[in-house]
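J.: Residue numbers (the numbering used here): -18 to 205.
#1: Since residue 66 is in the beta strand (DSSP E), which residue starts that stretch and which ends it?
#2: In terms of residue numbering, what span does the beta strand (DSSP E) encompassing residue 202 cover?
#3: Quick one, are the C-beta atoms of residue 146 and residue 204 less than 8 Å apart?
#4: DSSP on residue 44, reduced to helix/strand/coil?
#5: Hey, which unbroken runs of the alpha helix (DSSP H) at 4 residues or more fall wholly within the stretch 115 to 170?
#6: Using a Cβ-Cβ cutoff of less than 8 Å, which residues in the same chain neighbour residue 136 once the five nearest sequence positions on both sides are dropped?
#7: Taking Cβ to Cβ, would you say residue 161 is nearer than 8 Å to residue 140?
#8: Tell me which residue opens and which closes the beta strand (DSSP E) that residue 112 is part of.
#9: So, using beta-carbon positions, are residue 45 and residue 10 closer together than 8 Å?
#10: Whose C-beta lies closer than 7 Å to the C-beta of residue 166 among residues of the same chain, with five residues either side of it excluded?
#11: Tell me which residue opens and which closes the beta strand (DSSP E) that residue -12 is part of.
#12: Report the partner residues of residue 79 according to the DSSP bridge assignment.
#13: Rank 26, 101, 33 by C-alpha distance to the C-alpha of residue 83 and give the top, closest one.
#14: Please go through the stretch -13 to 23 and give each complete alpha helix (DSSP H) segment of 4 or more residues, from N-terminal end onward.
#15: Cβ of residue 94 within 8 Å of Cβ of residue 58?
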């Protein structure tokens, strides 16, 4: 099933050109119809990835990125004419997964999209779904489900659970989790990982699935 890409772009010409490009490469496309409630449109669309401009009417891309990250782990690539390091830093700090400046090489955009989609929706995970013994992670919505209940996860909590569910029964080391979260452990505070794991465990506890996440002292964590 093809992935659906949600376009948040207020220039009709650019939106049409990008839609045509993505459809040629097999993607389905949805676009923001108005800019009052873009996060609501994204979450209701079933999209797998968002291409987000920063210069928008009503609310800018920073606001939209922040609001999406409060309720979803959906991958976000900022595509903008703003080219400063501050714009890139702010975008990444607010939860964007990648940043690309206009004008961009379309092949680079497609390659980055493919990499991010592959990382976020592993092969074998139907529509971004990972499951183990009744515990289900919906990557697109950033939510975990168990026994009829559901809990929303932050981006980091979603990524941690994704990494663990990809290797059920196996220990995933702290270094592996930190590398998976931030792509490098060079600037990561070890306590930050502990805080994120503890928050994830609390949410699993609330669903009655707290015992699924085991701590292996001196080694890492394990989904059992």
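Virtual Cβ for every residue (Gly too), placed ideally from N, Cα, C.
T.: Let's see:
#1: As a first step, residue 66 must be located in the chain shown, where it is residue number 85. Run containing residue 66: none in the beta strand (DSSP E); it sits in the alpha helix (DSSP H), 66 to 74.
#2: If you number the chain shown from 1, residue 202 lands on position 221. It spans 201 to 204 - the beta strand (DSSP E) in which residue 202 sits, taken as one unbroken run.
#3: Within the chain shown, numbered from 1, the residue matching residue 146 stands at position 165. Within the chain shown, numbered from 1, the residue matching residue 204 stands at position 223. Yes; because the gap between Cβ atoms is below 8 Å, this pair is in contact.
#4: Here residue 44 refers to the residue found at position 63 when the chain shown is read from its first residue. Correct three-state label for residue 44: helix.
#5: 136 to 146, 155 to 163
#6: Reading the chain shown from its first residue, position 155 is the one you call residue 136. Within the same chain, residue 136 has close Cβ partners 50, 54, 76, 123.
#7: Your numbering for residue 161 matches position 180 in the chain shown. Your numbering for residue 140 matches position 159 in the chain shown. Yes, Cβ-Cβ distance for residue 161 and residue 140 is below 8 Å.
#8: As a working mapping, residue 112 is identified with position 131 in the chain shown. 110 to 113 is the extent of the beta strand (DSSP E) around residue 112.
#9: Translated into positions along the chain shown, residue 45 becomes position 64. Translated into positions along the chain shown, residue 10 becomes position 29. In this structure, residue 10 does not lie closer than 8 Å to residue 45 by Cβ.
#10: Your numbering for residue 166 matches position 185 in the chain shown. Its pLDDT being 42, under 50, residue 166 is placed unreliably by the model, and nothing is read from it.
#11: Taking the first residue of the chain shown as 1, we reach residue -12 at position 7. Its beta strand (DSSP E) spans residues -15 to -11.
#12: As a working note, residue 79 is residue 98 in the chain shown. For residue 79, which the question treats as bridged, DSSP gives the partners 58.
#13: Residue 83 sits at position 102 when you count from the first residue of the chain shown. Checked all of 26, 101, 33; the closest Cα to residue 83 is 33.
#14: -7 to 5
#15: Looking up residue 94 in the chain shown gives position 113. Looking up residue 58 in the chain shown gives position 77. Cβ distance < 8 Å, so residue 94 and residue 58 count as in contact.
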